[in-house]
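In the numbering used here, the protein residues as written are 100 to 286.
Accompanying notes for the structure given below.
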Ligand code: AR6
């Protein structure tokens with residue numbers, strides 16, 4: 100599987116954060132933190148959430164039980180247990196309900212608050228799945244735009260070495276590869 104990379108330094112050599120589009124299973128990424136597209140119980144589910152819990156093992160849900168859930172748009176961190184990632188940042192994306200229910204701002208909150216936790220803990224490499232674009236049905240293109248714009252805005256202080264957009268299919272990767280250079284050019 101090819102792992103296309105687009106780096107901000109190609110476009111803005113003075114910038115400190117590298118933005119990467121990657122294709123594959125986020126549970127395989129040896130980064131400081133992977134982000135989980137969870138539900139408000141934080142006790143596991145389907146999609147990427149199920150894959151992360153399966154790969155991390157039962158200690159992950161045990162720690163999640165101590166967190167008292169999480170509101171939509173917010174984020175909470177745990178250890179990574181059997182994952183190659185050191186931490187998991189669990190965030191709860193909005194369910195798409197037509198777009199008039201604050202979905203965009205809530206999705207932006209997922210990226211902002213996840214990166215806020217990563218910054219607090221001095222984590223440098225973070226991988227995101229395309230939050231809300233599966234079971235929660237958020238349309239992929241606006242979701243990718245929000246993911247990219249919010250992550251760029253939150254990285255301006257140079258707190259992160261690399262932000263990876265982990266895409267689970269060729270179509271999603273192609274979308275990020277199209278939108279990311281445009282957003283980087285606008286910075
Ligand atoms: N690695 C990377 N991305 C993945 C993986 C993986 N292993 N598996 C799926 N994706 P979804 P949501 C992509 O449905 O829409 C759960 O039940 C997938 O192709 O995982 O936020 C939770 O508990 C899609 O692009 O999350 C919640 O109840 C993206 O990850 C609910 O689903 C998000 O799809 C959350 O729904």
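Ideal placement from N, C-alpha and C gives every residue a C-beta, glycine not left out.
Restricting attention to 229, 255, 202, the CA atom closest to the CA of residue 285 is found in 255. In terms of CA proximity to residue 177, 220 leads the group 220, 146, 150.
Residue 159 is bridged by DSSP to nothing; it lacks a bridge partner.
The beta carbon of residue 181 lies closer than 6 Å to those of 155, 156 in the same chain, with the five residues before and after it left out. When rounded, the separation of the alpha-carbon atoms in residue 166 and residue 257 is 29 Å.
Per DSSP, the unbroken beta strand (DSSP E) holding residue 121 starts and ends at 117 to 122. The C-alpha of residue 125 lies about 18 Å from the C-alpha of residue 142.
When distances are taken from the beta-carbon of residue 125 to the heavy atoms of the ligand AR6, the shortest one is below 7 Å.
The residue from 207, 235, 223 with its alpha-carbon nearest to that of residue 252 is 207.
Taking the Cα of residue 153 as reference, the smallest distance to any Cα among 227, 168, 135 is reached at 135.
When rounded, the separation of the alpha-carbon atoms in residue 227 and residue 191 is 13 Å.
The C-alpha of residue 265 is placed about 8 Å away from the C-alpha of residue 119.
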